[in-house]
Amino acid sequence: MRAIIYLSLVGREGFLEVGRDCMDRASYAWHKITQIPGVEPAFNRRFFNEFSVRLPKDASDVVSALVDQGIAAGFPVGRYYEGMENILLLAFTEKRTKEEIDIMVAKLETALKA
Amino acid sequence: MKLIYEKSSPGRPGVRMSSIQISPTEEIPSKYLRSKPAELPEVSEAEVVRHFTALSRLNFSVDTHFYPLGSCTMKYNPKACEAAANLPELTDVHPLWPQLRGGGLLTQGSLAILYKTERLLSEATGLDEFTLQPMAGAHGELTGVMIMAAYHKDRGNTQKDHILIPDSAHGTNPASAHLAGYKVVTIPSDEKGMMDFDLFMAALNEKTAGVMLTCPNTLGVFNTRIKEICDAVHDVDGLMYYDGANFNAIMGRYKPGDMGFDICHLNLHKSFATPHGGGGPGAGPVGVVDKLRPFLPVSRVIKTNDGTYSLHYDEPKSIGYIAPFYGNFGVIARAYAYMLSLGSDGMLGTSNRAVLNANYLQEKLRPLFGAEYRGRCMHEFVFSGKCLAEYGVHTLDLAKGMIDRGIHPPTIYFPLNVPEAFMVEPTETEDRDTLDHFVEVVEELFDIAKNDAQKLHDAPVSTPVGRLDEVKAARDMRLSYS
């Protein structure tokens, strides 16, 4: 029921816009995050609204550090895939703003320096 | 009524997100793009709201109509509990959080609700430990029988091969027993509607893994020999399973654990006033006595020495995972709010009124159906509509006539051991005026049945579609739009 009401509300154009916005937010975040020293793209592939980065330290530790600052900073892939302990999976949707992404990136950078 | 597509107009905007571009355009290669836009309607927000509100008015619901659907406990869902469960602090929590390092700190409230709901259900049922994971009543049954099987395996009870189930049980009982690997032995009911005690004793032996009992049962009858039954089953190291479908009849008055039951599932969407229509989602928590604690599914919510809550997985005898994450959390949160709002006095008042309402209706309707007095009922009762057979009218016709009079029909043709069954469960949430109106409607329908039966065969006439071929609709459904 929620899904059909949602699709009726956003309609043909709105549905396209949601997709564009997701990609826009993810693309902006990718550029910002991969500029942090020591952070690299985990895979050299195209992405839509979700991508992985390799951090210079254990992603679980980083997520845990950001929890203290009230940010749910992504999913540490090492939980499911051995050998990927430093990889962080991030997703961005149309709900996120530039300001939110900037704050998250700044706190991620601080956490990586600690 | 028009479909939402038929109200669509090209270019008309509905709800728009703030589509502010923040990054240089990243083009998606054209080969990944769809060739034409998704065929979604283009309608205004007001039109969408009106459309779905109008659709909802075509439905019968607890919020719009009396809904005495026997065995389903269609009680009113208090709006305060809905509001509590819809707090963003509860709805916006990601279920993976408590599993991530440090993430538990962000989910203490949700974990506390799970932990405290388990404690309240333990208090209500007299059972030592609960799991909230099963997603529905039948899922709870299967979980319970799997726990039963794990117990017997752990005890080396390799001879246990069957479960005893009375013939008045919900069909899900034998289905759950069968799925868990047991044979099912059906015990007939006696003339009072209880499981026949002598036949039960004759069927009970060392191979009996357990007994699944609904008490009060589907006929609304409380089994007065329950203590003897439990003792006899325990004597052969069998386990007693309590089907909590009818818990609304005894809530706050008796505890299944005190009666001697070892395992019990509860339907939160019944007795605990969580939404029930439209396929749920439901919730079927399972409680067990202390000796069965090690077999409960993981994860378990535990309270640590520093007063915080966390998830616990290290249970080597556990039956394992039976559901993703922690059950239907939104449903559990509603039930938690409901229990807190009732308190123990409120729980007792609830079951008392549910039983009183059912007895009131039973006595008011008894003369019409010509049913003999077999004692008081609990929260529901079953009459047979066969008294109308001489007029060529069936229970189905009565049910359809009710729809035209703004009442959701009671359960019909169940339980299977009553011909032309007409099964009424008013619940505690109805007042006397509503019950009296129901009686008047049934009286009117009996009059019509005797004087103008065709009128009932034609019912319903006030609905968007008339009488449907229900078997064809269920077995050969073709939903199309062109």
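Protein chains in written order, with my numbering: chain A, 1 to 114; chain B, 1001 to 1482.
Note that the Cβ used here is the ideal one computed from N, Cα and C, for glycine as well.
What you are looking at is a predicted structure, and each value in this text was computed from that prediction instead of being measured.
Exercise for the section: Quick one: grab the DSSP three-state call for PRO41(A). Expected result: The residue given as residue 41(A) occupies position 41 in the first sequence. The answer is strand: DSSP assigns PRO41(A) an E or B state.
Problem - Contact between the stretch 1130-1149 of chain B and the stretch 1358-1372 of chain B (3+ Cβ pairs under 8 Å) - result: no
Exercise for the section: Measure from the C-beta of TYR81(A) to each C-beta in chain B and report whether the shortest distance is under 9 Å. Expected result: For the purposes of this step, residue 81(A) is taken as residue 81 along the first sequence, with counting starting at 1. Chain B, which has no Cβ nearer than 9 Å to the Cβ of TYR81(A), makes this no.
Problem - Touch test, the stretch 1280-1289 of chain B against the stretch 1322-1337 of chain B, Cβ-Cβ under 8 Å, three pairs minimum - result: Taking one beta carbon from each stretch, the stretch 1280-1289 of chain B and the stretch 1322-1337 of chain B have 3 or more pairs nearer than 8 Å; the two touch.
Problem - Residue-level contact to chain A via CB, PRO1013(B), 9 Å cutoff - result: Counting from one through the second sequence, the residue named residue 1013(B) turns up at place 13. By this cut-off, PRO1013(B) is an interface position.
Handout entry: Residues within the stretch 1039-1055 of chain B neighbouring chain A, beta-carbon criterion of under 7 Å
Key = LEU1040, PRO1041, GLU1042, VAL1043, GLU1045, VAL1048, PHE1052
Practice task
My understanding is that LEU1361(B) touches LEU1435(B), with C-beta atoms under 8 Å, so please give their C-beta distance in whole angstroms.
Solution key: Position 361 of the second sequence holds residue 1361(B). Position 435 of the second sequence holds residue 1435(B). About 6 Å separates the two Cβ atoms, so the contact holds.
Exercise for the section: Could you check what DSSP says for LYS1183(B) in three-state terms: helix, strand or coil? Expected result: The residue you call residue 1183(B) lines up with position 183 of the second sequence. Residue state, collapsed to three classes: strand.
Exercise for the section: Show which residues of chain B have a CB atom less than 7 Å away from the CB atom of ALA91(A). Expected result: Position 91 of the first sequence, counting from 1, holds the residue named residue 91(A). Result: empty, since nearest Cβ-Cβ is about 11 Å, beyond 7 Å.
Handout entry: Same chain only: Cβ atoms within 6 Å of TYR1005(B), ignoring 5 sequence neighbours per side
Key = The residue you call residue 1005(B) lines up with position 5 of the second sequence. So the list reads PRO1041, once near-sequence residues are dropped.
Problem - Pair within 9 Å by beta-carbon distance, TYR1242(B) and LEU1204(B) - result: For this step, residue 1242(B) is matched to residue 242 along the second sequence. For this step, residue 1204(B) is matched to residue 204 along the second sequence. Against a cut-off of 9 Å, the Cβ pair of LEU1204(B) and TYR1242(B) comes out as no contact.
Handout entry: Chain-ordered neighbours of PRO1037(B) on chain A, where CB pairs are closer than 9 Å
Key = Working through the second sequence from its first residue, we reach residue 1037(B) at position 37. Correct list: ARG12, GLU13, PHE15, LEU16.
Exercise for the section: Ignore the nearest five residues each way along the sequence and tell me which others in TYR1151(B)'s own chain have a CB closer than 7 Å to its CB. Expected result: Working through the second sequence from its first residue, we reach residue 1151(B) at position 151. Only LEU1239, LEU1292, PHE1295 meet the Cβ criterion.
Handout entry: Anticipated Cβ contact below 8 Å, THR1411(B) with SER1071(B), distance rounded
Key = Looking up residue 1411(B) in the second sequence gives position 411. Looking up residue 1071(B) in the second sequence gives position 71. That pair is a contact at about 6 Å.
Handout entry: Separation of GLY19(A) from PRO1029(B), as counted between CA atoms
Key = The residue given as residue 1029(B) occupies position 29 in the second sequence. The residue given as residue 19(A) occupies position 19 in the first sequence. Taking the straight line from one Cα to the other gives about 14 Å.
Exercise for the section: Select from the stretch 23-36 of chain A all residues with a C-beta closer than 8 Å to any C-beta belonging to chain B, and list them in chain order. Expected result: MET23, ASP24, ARG25, SER27, TYR28, HIS31
Practice task
Anything in the stretch 92-107 of chain A with a Cβ closer than 9 Å to a Cβ of chain B? List those residues in chain order, please.
Solution key: GLU94, LYS95, THR97, LYS98, ILE101
Exercise for the section: With DSSP collapsed to three states, give me the class of GLY1156(B). Expected result: As a working mapping, residue 1156(B) is identified with position 156 in the second sequence. If DSSP states are grouped into helix, strand and coil, GLY1156(B) belongs with coil.
Handout entry: Assigned exposure category for TYR1481(B) - 16 Cβ within 10 Å defines buried
Key = Against the second sequence, residue 1481(B) aligns to sequence position 481. That one is exposed.
Exercise for the section: To the nearest angstrom, report how far apart LEU1100(B) and PRO1324(B) are at their CA atoms. Expected result: Looking up residue 1100(B) in the second sequence gives position 100. Looking up residue 1324(B) in the second sequence gives position 324. Cα to Cα, LEU1100(B) sits roughly 15 Å from PRO1324(B).
Handout entry: Same chain, Cβ closer than 8 Å to PRO31(A), five either side skipped, listed in chain order
Key = Looking up residue 31(A) in the first sequence gives position 31. The displayed chain sequence assigns His, not Pro, to residue 31(A). Cβ-Cβ distances below 8 Å link HIS31(A) to nothing in the same chain once the five nearest sequence neighbours on each side are left out.
Problem - chain A contacts from the stretch 1092-1109 of chain B (Cβ-Cβ distance under 8 Å) - result: Of all residues in the stretch 1092-1109 of chain B, only HIS1094, LEU1096, TRP1097, GLN1099, LEU1100, ARG1101, GLY1102, GLY1103, LEU1105, LEU1106 place a beta-carbon less than 8 Å from a beta-carbon of chain A.
Exercise for the section: May I ask which residues mark the beginning and end of the alpha helix (DSSP H) holding GLY1466(B)? Expected result: Taking the first residue of the second sequence as 1, we reach residue 1466(B) at position 466. From DSSP, GLY1466(B) is part of no alpha helix (DSSP H); its letter is neither H nor E.
Handout entry: CB contact flag (LYS1075(B), ALA1273(B), <9 Å)
Key = Start at 1 with the first residue of the second sequence, and residue 1075(B) comes out as number 75. Start at 1 with the first residue of the second sequence, and residue 1273(B) comes out as number 273. In this structure, ALA1273(B) lies closer than 9 Å to LYS1075(B) by Cβ.
Handout entry: For ILE1165(B): DSSP bridge partner residues
Key = The residue given as residue 1165(B) occupies position 165 in the second sequence. Partner(s): THR1186(B).
Handout entry: From ARG1034(B), HIS1051(B), LEU1069(B), residue whose alpha carbon lies closest to that of SER8(A)
Key = Residue mapping note: residue 8(A) aligns to position 8 of the first sequence, counting from 1. The shortest CA-to-CA distance from SER8(A) to any of ARG1034(B), HIS1051(B), LEU1069(B) is the one to HIS1051(B).
Handout entry: Three-way DSSP call (helix, strand, coil) for LEU1342(B) in this model
Key = As a working mapping, residue 1342(B) is identified with position 342 in the second sequence. Here LEU1342(B) sits in helix by DSSP.
Handout entry: MET1423(B) - partner residues in DSSP beta bridges
Key = Counting from one through the second sequence, the residue named residue 1423(B) turns up at place 423. DSSP lists VAL1382(B), THR1411(B) as partners of MET1423(B).
Problem - Strand pairing of MET1195(B), partner residues [DSSP] - result: For the purposes of this step, residue 1195(B) is taken as the residue at position 195 of the second sequence. Paired residues: SER1189(B).
Handout entry: As assigned by DSSP and simplified to three states, the class of SER1310(B)
Key = Residue mapping note: residue 1310(B) aligns to position 310 of the second sequence, counting from 1. SER1310(B) falls in the strand class under three-state DSSP.
Exercise for the section: Could you pull out every unbroken beta strand (DSSP E) segment of at least 3 residues lying fully inside the stretch 1249-1279 of chain B, listed in chain order? Expected result: 1263-1266
Exercise for the section: Assuming ILE49(A) and ALA26(A) form a contact by the criterion Cβ under 8 Å, report the distance between their Cβ atoms to the nearest whole angstrom. Expected result: For the purposes of this step, residue 49(A) is taken as residue 49 along the first sequence, with counting starting at 1. For the purposes of this step, residue 26(A) is taken as residue 26 along the first sequence, with counting starting at 1. Checking the sequence, you will find Asn at residue 49(A) rather than Ile. Indeed they touch by this definition, with Cβ atoms about 4 Å apart.
Practice task
Could you tell me which residues DSSP pairs with LEU1069(B) in its beta bridges?
Solution key: Looking up residue 1069(B) in the second sequence gives position 69. BP columns for LEU1069(B) point to VAL1424(B).
Handout entry: Min CB distance ARG1057(B) to chain A below 9 Å
Key = Taking the second sequence and counting its residues from 1, one reaches residue 1057(B) at position 57. Not an interface residue.
Practice task
Would you mind working out which of GLU109(A), LEU89(A), ALA114(A) sits nearest PHE47(A), comparing C-alpha positions?
Solution key: If you number the first sequence from 1, residue 47(A) lands on position 47. Looking at the Cα atoms, LEU89(A) is the closest of the given residues.
Handout entry: Inter-stretch contact at 8 Å, needing at least 3 Cβ pairs: the stretch 1346-1361 of chain B / the stretch 1241-1257 of chain B
Key = With a cut-off of 8 Å, the stretch 1241-1257 of chain B and the stretch 1346-1361 of chain B count as touching, because enough Cβ pairs lie within range.
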